[in-house]
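Chemist: Have a look at the structure that comes next, please.
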Amino acid sequence: MQLRSRHLLGLEDATAEEITLILDTAETFREIIERPIKKVPTLRGITVLNLFYEPSTRTRISFELAEKRLSADTVSFTPGTSSVKKGESLRDTVQNIEAMKIDMVVVRHSSSGVPYFLTQCTQSNIINAGDGAHEHPTQALLDMFTIRRKYKKLKDLRVVLVGDIKHSRVVRSNIWGLKTMGASVAVCGPSTLLPFEVEKFGVDIFTDLDKAIDGADVVNIMRIQLERQQAGLFPSQREYTNLFGMTRERLQLLNKNYTIMHPGPINRGVEITNEVADGDSSVILEQVTNGQAVRMAVLFLLSGKKEEE
Amino acid sequence: MTKEKIETLMDEKDIARAIIRISHEILEKNSGAETLVLIGILNRGADIAKRVADRIKEIEGIEIPVGLMDINLYRDDVHSKLDQPVIQRTEILFDVVDRNVILVDDVLFTGRTIRAALDQIIDFGRPRSIQLAVLIDRGHRELPIRPDFVGKNIPTSKDDRVLVRLMEKDGQEIVVVAKSGMKKSPSEIKKALKSGKKGGKK
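Order-wise, the sequence lines are chains E and D.
For what it's worth, the numbering used here labels the leading residue of the first sequence as 1, then goes sequentially.
For what it's worth, the numbering used here labels the leading residue of the second sequence as 1001, then goes sequentially.
Structure, rendered in structure tokens:
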């Protein structure tokens, strides 16, 4: 079994076998990051460009550490201190950097479709680290990996994605990935934060959090993207917290062995209270650790692939 | 069509005898089992390591820790090939620091697998020594690596394929060599073995 593509652009077209391969491979890397020497020589001689056009802490550091722990050479690109400021186009920037013999590019961009665009104008393996409101495949993979480690399965689990469904690339990747793996998926948020034609996702849709999480196994809480809330899509943070905030009282509605997830960064006291975020069933920091293992697996599985099959 | 040519090198009894002898030699060389740990290279090296541990327990009454190791992440050709190996778990749930590590594999050939395994063991800590036990040494070394304990030395041509089949994974106990010129896949050879078409001499 191998991945069909030499790029990871999203999970919309990924098969259950491909997702399983990535998650199984990540188990090996999870063990490596627990060792005294957290490094293997696997990607020695491979150079990875980290092209982050948008701010990122977790994903960027996680990818960088994953690359370093696989012994790859890494180059990090920051648009603020580059020729992008002088008006250089994305295509020219990447082609110039690639001319310095880059093998793989990890890209984050505020515009959807940038990773796909890069596959058309470069020879490198492209990994999507988040493109606009489209997909964030490695986040969804690490979410699935975290859930699978706890429940030993994904099939038939009830997973509720709560919050800003409209702007969240994490939600999209999670929906496609979880559905492919046989989980029952629901989304919940204010109707103004549900995307147009949300029913096309083929998931249960709720605007009442209490109904949505009734009997759920996993609640994955999305950040309220305050930077994208200029249009006033909900009246106030306080009202949002009352209606959609994950509080200790609401935990009673969940199944007994429930799990609380959040891709971070957390707006504490807005979408989740401190006691829920720091509670025993919260796996938020576990998600961060697992992210590194999943990214190592993706880098490893794509690194040997030079041609589409 | 190329004529099928499979020679049987060891049967069930030969394999059992070789493992008992290797176990005794390990104990003799290390003056007992107190400092020993075994690490088997997946897949069949791990099965042999478990058997050696069982024999040592019978002889000395001491249970030796056994670890399993996948060496694919340490291979020197891992990303120069189109085919990605399926990575399996490495499980070394004990401290290797200051222990005498017995590395176990089924067949020793070019030595590159052992080189990768040595790198990986050292990432877990600094053992007192690493010794190598193999069921079959077929020669053709590309690196300066020499086994400490050998079940059987077998002269082969470089194109031959030596296949170890053990009960745990394969449901049979046999070591065969598929002679050069034969282009059959291991699964085809396995099928031929099951149907009783064993050519050549023992």
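Glycine included, each C-beta is placed from N, C-alpha and C at the ideal position.
Can you list, in chain order, the stretches of the alpha helix (DSSP H) that have 4 or more residues and sit fully within the region 133-173 of chain E?
Modeler: Counting whole runs of 4 or more residues, the region 133-173 of chain E contains the alpha helix (DSSP H) stretches 137-151.
Chemist: Name the residues in the region 1125-1155 of chain D whose C-beta lies less than 7 Å from a C-beta of chain E; which are they?
Modeler: Flagged, chain order: G1125.
Chemist: In chain order, what residues of the same chain lie with their CB nearer than 8 Å to the CB of E/S56, ignoring the 5 residues before and after it?
Modeler: Result list for E/S56: R108, A129, G130, in chain order.
Chemist: From the DSSP output, read off the bridge partner residues of D/A1178.
Modeler: In the DSSP output, where bridge partners are listed per residue, D/A1178 has D/I1006, D/R1161.
Chemist: Starting from the Cα of E/V270, find the closest Cα among E/T192, E/P190, E/G291, E/T247 and give me that residue.
Modeler: Minimum Cα distance to E/V270 is reached at E/T247.
Chemist: D/A1133: which of D/R1075, D/D1077, D/L1027, D/L1143 sits nearest, CA to CA?
Modeler: It is D/L1027 whose Cα lies nearest to the Cα of D/A1133.
Chemist: Taking only the alpha-carbon atoms, compute the straight-line gap between E/S191 and E/L233 and give it to the nearest angstrom.
Modeler: Looking at the two C-alpha atoms, the distance is approximately 9 Å.
Chemist: Just list the alpha helix (DSSP H) runs in the region 207-294 of chain E, keeping only unbroken ones of 4 residues or longer that don't cross its boundaries, in chain order.
Modeler: Within the region 207-294 of chain E, the complete alpha helix (DSSP H) runs of at least 4 residues are 209-212, 237-244, 248-251, 274-277.
Chemist: Going by DSSP in three states, D/R1044 sits in which element: helix, strand or coil?
Modeler: DSSP places D/R1044 in helix when its eight states are reduced to three.
Chemist: Excluding the 5 residues flanking D/D1148 on each side, which residues of the same chain have their C-beta closer than 6 Å to its C-beta?
Modeler: The residues are Q1131, L1132.
Chemist: Inspect the CB distances between the region 15-22 of chain E and the region 1007-1014 of chain D and report whether three or more fall short of 8 Å.
Modeler: Taking 8 Å as the limit for Cβ pairs, the verdict is that the region 1007-1014 of chain D does not touch the region 15-22 of chain E.
Chemist: To the nearest angstrom, how far is the alpha carbon of D/E1168 from that of D/V1101?
Modeler: Straight-line Cα distance between these residues: approximately 23 Å.
Chemist: From D/S1157 to E/Y258, what does the alpha carbon distance come to, in whole angstroms?
Modeler: Rounded to whole angstroms, D/S1157 to E/Y258 spans 60 Å at the Cα level.
Chemist: Compare the C-beta of E/V294 with all C-beta atoms of chain D and state if any pair is closer than 7 Å.
Modeler: So, not an interface residue.
Chemist: Whether or not the region 117-128 of chain E and the region 152-168 of chain E are in contact is what I'm after, with contact meaning three or more pairs of Cβ atoms, one per stretch, closer than 8 Å; do they touch?
Modeler: No, the region 152-168 of chain E does not touch the region 117-128 of chain E.
Chemist: Under a three-way DSSP split, which group does D/Q1131 fall into?
Modeler: Three-state DSSP puts D/Q1131 in a strand.
Chemist: Within its chain, find whatever has a CB closer than 8 Å to the CB of E/L43; leave out the 5 residues flanking it on each side and keep chain order.
Modeler: Contacts found: E67, L70, S71, A72, L299, F300, S303.
Chemist: Any beta carbon of chain E sitting closer than 7 Å to that of D/R1089?
Modeler: D/R1089 counts as touching chain E.
Chemist: Along chain E, which residues have their Cβ under 8 Å away from the Cβ of D/D1123?
Modeler: Simply R35, P36, I37, K39, V40.
Chemist: Give me the chain D residues within the contact set of E/E27, using Cβ-Cβ distance strictly less than 8 Å, ordered along the chain.
Modeler: Going along chain D in sequence order, the residues near E/E27 (Cβ under 8 Å) are R1089.
Chemist: List the residues of chain E whose Cβ lies closer than 7 Å to the Cβ of D/L1073, in chain order.
Modeler: Simply V40, T42.
Chemist: Tell whether a beta-carbon distance below 7 Å holds between E/V171 and E/Q139.
Modeler: Result no, Cβ atoms of E/V171 and E/Q139 do not sit closer than 7 Å.
Chemist: Quick one, are the C-beta atoms of E/A99 and E/V160 less than 7 Å apart?
Modeler: No, they are not a contact pair.
Chemist: Select from D/V1107, D/R1099, D/V1162, D/R1138 the residue whose C-alpha is nearest the C-alpha of D/R1126.
Modeler: Nearest C-alpha to D/R1126: D/R1099.
Chemist: Using a Cβ-Cβ cut-off of less than 8 Å, give me the residues of the region 1094-1115 of chain D that come near chain E, in sequence order.
Modeler: Cβ contacts with chain E come from no residue of the region 1094-1115 of chain D.
Chemist: Taking buried to mean at least 16 other C-beta atoms within 10 Å of its own C-beta, is D/I1161 buried or exposed?
Modeler: Going by the sequence as given, residue 1161 of chain D is Arg instead of Ile. Classification for D/R1161: buried.
Chemist: Under the three-state reduction of DSSP, which class applies to E/F201: helix, strand or coil?
Modeler: DSSP places E/F201 in helix when its eight states are reduced to three.
Chemist: Below 6 Å CB to CB, which residues in the same chain sit around E/T119 once its five sequence neighbours on both sides are set aside?
Modeler: Cβ neighbours of E/T119 beyond the five flanking positions: H7, I126.
Chemist: Look at the alpha carbon of E/F52 and the alpha carbon of E/N174, and state the distance between them as a whole number of angstroms.
Modeler: Near 22 Å, if we compare the C-alpha coordinates of E/N174 and E/F52.
Chemist: If you reduce the DSSP assignment to three classes, tell me which class D/I1102 lands in.
Modeler: In the structure shown, D/I1102 sits in a strand (DSSP, three-state: E or B).
Chemist: Note down, in chain order, each residue of its chain lying with its Cβ closer than 6 Å to the Cβ of E/A183, except the 5 sequence neighbours on either side.
Modeler: The answer, listed in chain order, is L154, L157, V159.
Chemist: Look at the Cβ atom of D/I1062, then the Cβ atom of D/S1023, and state whether they are nearer than 7 Å.
Modeler: The answer is no: Cβ separation not under 7 Å.
Chemist: In the DSSP assignment, what are the bridge partners of E/C188?
Modeler: Beta-bridge pairing links E/C188 to E/V162, E/F206.
Chemist: The beta strand (DSSP E) that contains E/M104, what's its start and end?
Modeler: 104-109 is the extent of the beta strand (DSSP E) around E/M104.
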